[in-house]
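One structure is given here, and the rest of the page talks about it.
Numbering (my numbering), first residue to last: 8 to 834.
Here's what the structure looks like:
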């Protein structure tokens, strides 16, 4: 179907009494676009002859008094129809606006049959790396004029700008890309695909200066490498060239990094959060490194991406220094697998829309890193089918441009290489030369300990293995093989049953010995079973582990059961590392206690520890709630209710509130209480993954965020000028945790106290890190409330408060007084 005769577009937004089919229109906004220009606007209120809900009043700002003076829809239906009848109907979520308006017009004798275009789906295809596609988010990302959100004319005007931006982007894409998109365009809602048809009719072939055609795909051509510029020996000069402000603490830290470079010992550098440590170590090391590569390892892929997108990119742009980030193969798109998926027409239109997104993304990405696609988790199975497996055929058309292969090769020659702790450990295990004679920096090095522990473990998905064994048992097999497979399936299923029914987490050595014997007998009969589904189990059994335990996880709404294996001895990280040019361990928290340090636990017998003096910030204060019930003396339900009651009062202060939990169950229970009370908030996992809810919180979609896990020490809140942080419980490690028990045994063997020399100091460090999450720059103000009175009642409490008082302004009082003081402090 051709639409060239439609030169006019009516961009429509409606406000209504609700989002349901029986809603009444209360406001209409229309923007007419002709020849890529906005030529006319129209707006009117509509009297719905029914009172508005409080939610709609709060959302739109429209009142019953305002609408009482407005015309009935029957009085404006004719002029609305005349305005849009010869136009393409465009809206952000066109299904709602077009259906509602068409129905209301129909009852007034007007039949609206124009084509419909949805800017939500177009934005999803042509802006593939955005996190969200609400009009507010797109307005911010694309700098659209949305001065009065949720009023019809303002939303319609912003949508019209978005539509013009989308048209322009489509028209700029190479003809070869649009040709690939056309077969999938019918998967877009209504006639949305017409814009791709129109763009294709006018498109030009790809420009070899910007793109390259490989096989059937148009890819962005890599940027040419420019000659690097020398960094100055003066840190202040480098900072000025980057356009950054001079910061005294950052400069002091950079001097420490520089002074430690000549030392052959491992340097443990401790400096408080918020001073700009990343530039503080990058700039002096990139200056000092001659032919050596600087490898920076960080705890998470999110932090890796953040440094690459911010500090590394800025250094690359200004100094033309080659910077590269690398992750495991499965993080990258495998072009062969993607092309194969294009040849298969899926029944699921949303998967086909993802294919369109990826075709557009390939014209933009220089990395092929699938983490750039922020919404891929919605169809994880499809993305699992196209991610790289580390294997590349010599006959592949895409061998020379394969993202994983190109990244791997670039990583060898880049001056700065960014990795995450997990990747570093896996890579060095397989290839010692990767880190040999390099300059290593472990940022947030306190996280390395747990990464090393996870690396030394093995994990087996028992749910998947039992399913696979049952599938094999349906085939014709020799009698002995079948009996052995049945026995193995029974043994594994028995572990799962005992785990769920009897809460038996730990697996006995006898049970593991029986499984190992069955596997040996099976492989003796037919060695091919090692390659036919038992690879992970054989790997787990071959390492002679001493500790085995079960755990379960919810993945893609399905419960998965895992068998874990570990050794009772800590892995010696010093022995694991090859000989390096220089090694730095950097964090805000490295010294655990006078008796125990991170260096000790990692196995370093020779090292140099330097700490930059901490300073109290006048912009942050900490309160301890004296009236909070003792967490060890009340039920979880009562404690959750006490938290929720306080949060209801805190939200009345009108500031952004971050609430940190130790337990997911408590967090969700508090969230349910807040829902019952009508308190708007975002909850990790319930409203999205940690990264997504943080971004929504920073965009002020809600004034309260409930989080756990990474929010304690891996997430910073730099943007908010004022914040309240609520710490619901002291972050003690679970004494039953395998790693905690392993460290405890290690310390007991050295006649040290696991609690006073490790558990308690580590809790203090975690607490300090948590408090620092909301104080990341000098002009921020942060009020922190701790809802755990064990700080005041337990014998160890004074040790904790004395330590906190060294770095923070600390006081304890009744909740009501704390609330008043926080309000005054944040003014």
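Ideal Cβ placement from N, Cα and C applies to all residues, glycine included.
Let me make sure I understand the geometry here. Which of 395, 386, 229, 588 has the alpha-carbon closest to that of residue 355? 386
Mind pulling the beta strand (DSSP E) runs of 3 or more residues that sit fully within the stretch 203-275? 218-221, 224-227
Quick one: what's residue 330 bridged to in DSSP? 423
Pop quiz: residue 733 and residue 664 are said to be a contact at Cβ under 8 Å. What is the actual Cβ separation, rounded to whole angstroms? 6 Å
Counting only the same chain and skipping the five closest in sequence on each side, list residues whose C-beta sits under 7 Å from that of residue 232. 329
Please look up how many angstroms separate the CB atoms of residue 206 and residue 185, rounded, as I've assumed it's under 8 Å. 5 Å
Could you name the residues of the same chain whose beta carbon sits closer than 6 Å to that of residue 10, not counting the 5 residues immediately before and after it, in chain order? In this prediction, residue 10 scores a pLDDT of 47, lower than 50, which makes its location untrustworthy; no coordinate-derived value is stated.
Less than 8 Å between the CB atoms is what I'm expecting for residue 619 and residue 278, so what's the real figure, rounded? 4 Å
If you draw a straight line from the C-alpha of residue 188 to the C-alpha of residue 340, how long is it? 18 Å
Looking at residue 419 and residue 299, is the spacing between their C-beta atoms short of 8 Å? no
Let's see if you can read the secondary structure: which residues bound the alpha helix (DSSP H) around residue 832? 822-832
Just checking my contact of residue 124 with residue 48 at CB under 8 Å: how many whole Å lie between their CB atoms? In fact, because the Cβ distance is near 18 Å, the residues do not count as touching under 8 Å.
Since residue 526 and residue 502 should fall inside the 8 Å C-beta cutoff, what is the C-beta to C-beta distance between them, to a whole number of angstroms? That belief does not hold up - the Cβ atoms of residue 526 and residue 502 are roughly 14 Å apart, past 8 Å.
Whole-angstrom Cβ separation of residue 140 and residue 156, contact assumed at under 8 Å? Not quite, the Cβ-Cβ distance comes to about 15 Å (not below 8 Å), so this is no contact.
Does DSSP put residue 615 in a helix, a strand or coil? strand
Grouping DSSP H, G and I as helix and E and B as strand, with all else coil, what is residue 694? coil
By DSSP's criteria, residue 98 is part of a beta bridge. Which residues make up the other side? 125
Determine whether the beta carbon atoms of residue 135 and residue 364 lie at a separation below 8 Å. yes
Going by DSSP, what residue range makes up the beta strand (DSSP E) through residue 751? Looking at the DSSP string, residue 751 is not in any beta strand (DSSP E); the run it does join, the alpha helix (DSSP H), is 745-755.
Pull up the distance between the alpha-carbon of residue 375 and that of residue 743, whole angstroms please. 41 Å
Could you give the DSSP three-state label for residue 435: helix, strand or coil? helix
Just verifying my parser: in three-state terms, what is the DSSP assignment at residue 161? helix
Below 8 Å on the Cβ atoms is my guess for residue 165 versus residue 150; work out the distance and round it to an integer in Å. In fact, because the Cβ distance is near 11 Å, the residues do not count as touching under 8 Å.
Nearest-angstrom Cα distance between residue 8 and residue 137? Since pLDDT at residue 8 reaches only 42, below the 50 mark, its modelled position is unreliable, and the value read off the structure follows with that caveat. Straight-line Cα distance between these residues: approximately 31 Å.
By Cβ distance below 6 Å, which residues in the same chain neighbour residue 34 in space, the five residues on each side in sequence not counted? 22, 52, 159
For residue 701, count the other beta carbons within 10 Å of its own beta carbon; 16 or more makes it buried, fewer makes it exposed. Which is it? buried
For residue 713, is the classification buried or exposed, using 16 other Cβ atoms within 10 angstroms of its Cβ as the cut-off for buried? buried
Using CA coordinates, which residue listed in 661, 828, 368, 102 is at the minimum distance from residue 711? 661
Three-way DSSP call (helix, strand, coil) for residue 196 in this model: coil
Can you give me the C-alpha to C-alpha distance between residue 522 and residue 436, rounded to a whole angstrom? 28 Å
Measure from the alpha carbon of residue 589 to the alpha carbon of each residue in 670, 269, 248, 371, then state which is nearest. 269
To the nearest angstrom, report how far apart residue 815 and residue 735 are at their CA atoms. 18 Å
Sequence-distant residues of its chain with Cβ nearer than 8 Å to residue 218 (five each side left out): 181, 225, 226, 227, 228, 370
Burial state of residue 646, where buried means 16 or more other Cβ atoms lie within 10 Å: buried
Locate the alpha helix (DSSP H) running through residue 789, then write down its first and last residues. Residue 789 -> not in any alpha helix (DSSP H); beta strand (DSSP E) instead, spanning 788-793.
Tell me where the beta strand (DSSP E) around residue 519 begins and ends. No beta strand (DSSP E) contains residue 519, which is instead part of the alpha helix (DSSP H) from 516-532.
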